[in-house]
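Notes to accompany the following structure.
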Amino acid sequence: MPELPEVESVRRQLDPELSGKRVLEVWVDPHPMVPRQFQRIAELKGRRISCVGRRGKFLISPLDRGLELVMHLGMTGVFRFEVSDPYTRASLTLDDGRRLIFKDVRRFGRIAVVDAGRYDTIPTLAHLGPEPLSDEFDPGRFSLWLTRTDAPVKPFLLSQRPVAGVGNIYADEALWVARIHPASRRVGPKRARLLHTAIREVLSAAIDREGTTFSDYRMVNGESGRNASFLFAYGRGGEPCPRCSYPLRKIVLGGRGTTYCPRCQRY
DNA sequence: CACGCCTCCTGTGCGC
DNA sequence: TGCGCACAGGAGGCGT
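Residue 120 is where the first sequence starts when you use my numbering, and the numbers rise one by one after that.
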């Protein structure tokens, strides 16, 4: 569900609420999946949260005692304050008396405590590519990545290695903007630069609209993002391409639903 | 090492 | 109405 723009929107609401707060109590839903998805969460008790940052789709909060809190929303994760919900998987009682609830229907989200900067238990974070909206996201290096890989371009983007935070929606969107077929294995320097620009454009625009809500994604205040009605390709299979009017086609690529224009996105 | 497939979990919508 | 299947915005593990 949540990609970089959604996670950033959550971060912006969570940061002022959690910065400087201490965690008094931790509760976790007893479930077989808990040890994997909530590693070392008990160590949160008594820790102070300095702020809420973000890397790709991960929320990261430095704690005292050299620890770090790493949170990932998975597909259906939502943070709320004081909302009773049957899908609550964890809650943190803060020293201002409020409780932060983590609800997550599909249980793919995770909240882990790690030694600061040690991400060996979180491989995607350990090998995460550059932040797309920072100077670290360099067109030249991105182009080299794309030249060297043999994988189809969309699954490669979803790996989080060439760039952080791009998921299924914004991969389809950026490839549509750059006019590149999602299954293409031949993205040369010229098209790589177009894609580099397109990724920044679609992510920035989505952040401005506080993300894309289809069903589950909500911000901490419960509101939806406003980006859904601005999408070019994702979720619009069968509709006319906004650029050339040819019907958008939906396929499965790398196990993920993929919508693109067969006429103006070239392999 | 890199890639592609399958899995984790729960809900929903569709065709028969 | 009931059933079975495909699919949903994520990542991780495994085999090749």
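Beta carbons are placed, not taken as given, at the ideal position from N, Cα and C, and that holds for glycine.
Spatial distance of residue i from residue j (CA atoms)
i	j	result
Ala352	Ala161	43 Å
Met190	Tyr365	41 Å
Pro274	Gly373	6 Å
Arg141	Leu276	37 Å
Val282	Phe261	8 Å
Lys164	Leu143	6 Å
Gly341	Gly236	31 Å
Val129	Leu247	20 Å
Arg167	Pro242	26 Å
Arg225	Glu320	30 Å
Asp254	Asp335	32 Å
Val339	Glu136	10 Å
Gly216	Phe200	11 Å
In DSSP terms, what residue i is bridged to
i	result
Gly172	Ile179
Trp146	Ser210
Leu372	Arg375
Pro121	Beta-bridge pairing links Pro121 to no other residue.
Arg385	Ile299
Cβ shell of residue i (< 6 Å), same chain only, five flanking positions each side left out
i	result
Asp210	A quick correction: the sequence has Ser, not Asp, at residue 210. So the list reads Trp146, Arg218 and Ile220, once near-sequence residues are dropped.
Top-ranked residue by Cα proximity to residue i, from the options
i	options	result
Gln158	Gly165, Ile168 and Leu188	Leu188
Val371	Val142, Asp291, Arg260 and Gln132	Asp291
Glu125	Thr378, Gly357 and Leu322	Leu322
Gly356	Arg337, Pro381, Gly344 and Ser334	Pro381
Asn287	Arg375, Asp239 and Tyr379	Arg375
Close-in-space but distant-in-sequence residues of the same chain around residue i (CB under 7 Å, 5 per side omitted)
i	result
Ser348	none
Glu127	Arg173 and Ile326
8 Å Cβ shell around residue i - same chain, five flanking residues per side excluded
i	result
Val285	Glu122, Leu123, Pro251, Leu276, Leu277, Gln279, Ala293, Ile318 and Leu322
Ala324	Asn346 and Phe349
Asp299	Just to set this straight, residue 299 is Ile in the shown sequence, not Asp. Counting only Cβ-Cβ distances below 8 Å, and skipping sequence neighbours, we find Val272, Val306, Arg310, Leu313, Leu314, Gln384 and Arg385.
Asp204	Ile220 and Lys222
Ser169	Ser138, Gly139, Ser180, Pro181, Leu182 and Asp183
- request: Report the residue ranges of all beta strand (DSSP E) runs contained in full by the segment 176 to 263; include only those spanning at least 3 residues, in chain order.
  value: 177 to 181, 186 to 191, 196 to 200, 207 to 213, 218 to 223 and 229 to 234
message: Report the start-end ranges of each alpha helix (DSSP H) in the segment 299 to 380 that is 4 residues or longer and not cut off at the edges.
response: 308 to 327
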